[in-house]
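K.L.:
The structure that follows is given in the form of structure tokens.
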Amino acid sequence: MDTEDLIRDALRARAERTPPAGHVLAALHRPRKSRKPLFLAVTAATAAAAVAVVATTVGRPSAEAPPAAGGTLQTTSTTTTKPTAAAAAALDPGTLGYSPSWLVDGLTERNRFVDGTGAIQRVWKHSSEQLHTPSLTWLVPKDVARQEELRQQIAGAPAADQVTINGSPALVVDPAKTVTPRSGEPETPATPDGTPPDARVVFSPGPGHYVELVLSNAPQARADAIRIAESTRPDPTALGGPVSVGGALAYQARVNSRGWHVSTNGQIGGVTYGANLSSFVDDPIGNPSVTPVPVTARGASAEYLGQMVGYLRVDLRPDLHLLVYGPGPGTASAQELIAAAEALTVDVNATGPWATG
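In terms of my numbering, the sequence shown opens at residue 1 and continues consecutively.
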């Protein structure tokens, strides 16, 4: 048998093993089993998560649907993407920036801490002042660098911590949980401390702006923290306190059962002075056996205490008291502190530690 006969016999044998064409086509077009029961079993939460997955579908021409004569092929694209955090942008350092419009019942603002960039941390505490009652800490950075830090926290958060608040990406996490682990390391869960739960939210209330809040000791901490974030609105209220040294923006303020108190410092003529403005008289400073010297400052009765760094207390009203103190380490004279007091910016009509609108 020559080579040609061998090839012919091999082809004939292969053809005999091939099934009829009808069987092949039937196998290719065999309908799949219905997947409807599986689809119906998908929960709403799973379906919502699936929507967040990026999906791109591009229409392709086929033999069954050729383009119209003289026409061109058309492609259609449908893309569903997760929202992305906008690039960080600076906020006006002279305003509150953003404030919540909804709070857990019983919360009252008690503290404000403002730094030189206008970044502000605000603290609300429960009116009962009982231990383990709800409290809210609110942070609004103003400079781009610190805004960017919050943006990166959202972008790098584990999927389990990511949520969407008012259409923008955000993260929600138990603040007792350790810092996000390094790649490949397990995440350490929060350690229960026997108190009501806490929740930390980092979110974007406006394009390029980021805010952080921590709701502590709240039975529904996660849900309430998200609701507070959702209620956040722009707030153009002036940030400054009722007293300023040399135009400095930074100050600390508190409200408690005694009244309210604001503390700040700044430079006058290149020298740093401190000032407190309060609705009550500060506790005695230094040696109580040292007798204050009566003086006059800002057209009001005052007392000078010549010890430590030097102190000058000015009684602007029965319920408004100004305390000015020297730069140290030596003791500032009465004349120096009186001059500093005259140079301060003071709201003599202040009825609280911060503007209310």
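Note that CB positions come from ideal geometry on N, CA and C, so glycine has one too. From a predicted model like this one, the values you see are computed outputs, not experimental measurements.
Would DSSP call VAL144 helix, strand or coil?
P.N.:
Here residue 144 corresponds to residue number 144 of the sequence shown, with the count starting at 1. Note: VAL144 maps to helix in three-state DSSP.
K.L.:
Taking the beta strand (DSSP E) that GLN130 belongs to, which residues open and close that run?
P.N.:
As a first step, residue 130 must be located in the sequence shown, where it is residue number 130. Looking at the DSSP string, GLN130 is not in any beta strand (DSSP E), and its letter there is neither H nor E.
K.L.:
Check whether the Cβ atoms of SER384 and LEU320 sit closer than 8 Å, and answer yes or no.
P.N.:
There is simply no residue 384 to check, as the chain begins at 1 and stops at 357 in what is shown.
K.L.:
For PRO141, collect the residues of the same chain with a Cβ closer than 6 Å to its Cβ; drop the 5 residues on either side in sequence, then sort them by chain order.
P.N.:
Residue 141 sits at position 141 when you count from the first residue of the sequence shown. The answer, listed in chain order, is ALA119, GLN147.
K.L.:
How is LEU320 classed by DSSP in three states: helix, strand or coil?
P.N.:
By 1-based counting over the sequence shown, the position of residue 320 is 320. Correct three-state label for LEU320: strand.
K.L.:
Helix, strand or coil for ILE165, going by three-state DSSP, please let me know.
P.N.:
In the sequence shown, the residue the question calls residue 165 occupies position 165. DSSP places ILE165 in strand when its eight states are reduced to three.
K.L.:
Compute the distance between the beta-carbons of ASP282 and VAL104, then report whether it is under 8 Å.
P.N.:
Against the sequence shown, residue 282 aligns to sequence position 282. Against the sequence shown, residue 104 aligns to sequence position 104. Result no, Cβ atoms of ASP282 and VAL104 do not sit closer than 8 Å.
K.L.:
Grouping DSSP H, G and I as helix and E and B as strand, with all else coil, what is ILE228?
P.N.:
The count along the sequence shown starts at 1 and reaches residue 228 at position 228. In the structure shown, the three-state DSSP call for ILE228 is helix.
K.L.:
If I'm right that VAL245 touches PRO353 with Cβ under 8 Å, what's the distance once you round it to whole angstroms?
P.N.:
For the purposes of this step, residue 245 is taken as residue 245 along the sequence shown, with counting starting at 1. For the purposes of this step, residue 353 is taken as residue 353 along the sequence shown, with counting starting at 1. With 8 Å as the limit, VAL245 and PRO353 do not qualify as a contact, their Cβ atoms being about 16 Å apart.
K.L.:
State the Cα-Cα distance for the pair PRO205 and TYR98, rounded to the nearest angstrom.
P.N.:
To locate residue 205, count along the sequence shown from 1; it is residue 205. To locate residue 98, count along the sequence shown from 1; it is residue 98. If you take the alpha carbons of PRO205 and TYR98, they lie about 8 Å apart.
K.L.:
If contact is defined by three or more beta carbon pairs under 8 Å, each pair taking one atom from either stretch, is the segment 232-251 in contact with the segment 299-309?
P.N.:
no
K.L.:
Short of 6 Å in beta carbon distance, which residues of its chain neighbour ASP347, apart from the five on each side in sequence? Order them along the chain.
P.N.:
Counting from 1 along the sequence shown, the entry for residue 347 is found at position 347. So the list reads PRO242, once near-sequence residues are dropped.
K.L.:
Looking only at C-alpha atoms, which of VAL271, THR264, ALA86 sits nearest to PRO329?
P.N.:
As a working note, residue 329 is residue 329 in the sequence shown. Of the listed residues, the one whose Cα sits closest to PRO329 is VAL271.
K.L.:
In whole angstroms, what is the alpha-carbon distance linking ALA155 and PRO207?
P.N.:
For the purposes of this step, residue 155 is taken as residue 155 along the sequence shown, with counting starting at 1. For the purposes of this step, residue 207 is taken as residue 207 along the sequence shown, with counting starting at 1. Near 15 Å, if we compare the C-alpha coordinates of PRO207 and ALA155.
K.L.:
Verify whether the separation of the beta carbon atoms of VAL144 and ALA218 is less than 8 Å.
P.N.:
By 1-based counting over the sequence shown, the position of residue 144 is 144. By 1-based counting over the sequence shown, the position of residue 218 is 218. Against a cut-off of 8 Å, the Cβ pair of ALA218 and VAL144 comes out as no contact.
K.L.:
Tell me the residue span of the alpha helix (DSSP H) that contains ILE338.
P.N.:
The residue given as residue 338 occupies position 338 in the sequence shown. DSSP places ILE338 inside the alpha helix (DSSP H), whose first and last residues are 334-343.
K.L.:
Indicate whether THR137 and VAL123 have their beta-carbon atoms separated by less than 8 Å.
P.N.:
Stepping through the sequence shown from its first residue, residue 137 is reached at position 137. Stepping through the sequence shown from its first residue, residue 123 is reached at position 123. Cβ atoms of THR137 and VAL123: closer than 8 Å.
K.L.:
Hey, ALA297 and VAL314 are a contact pair by Cβ (cut 8 Å); roughly how many whole angstroms apart?
P.N.:
In the sequence shown, residue 297 corresponds to position 297, counting from 1. In the sequence shown, residue 314 corresponds to position 314, counting from 1. That belief holds up - the Cβ atoms of ALA297 and VAL314 are roughly 5 Å apart, short of 8 Å.
K.L.:
To the nearest angstrom, how far is the alpha carbon of ALA176 from that of ARG200?
P.N.:
Within the sequence shown, residue 176 is the residue found at index 176, counting from 1. Within the sequence shown, residue 200 is the residue found at index 200, counting from 1. Near 9 Å, if we compare the C-alpha coordinates of ARG200 and ALA176.
K.L.:
Starting from TRP102, trace the beta strand (DSSP E) both ways and give me its first and last residue.
P.N.:
In the sequence shown, residue 102 corresponds to position 102, counting from 1. Counting along the chain, TRP102 falls outside any beta strand (DSSP E), and DSSP gives it neither H nor E.
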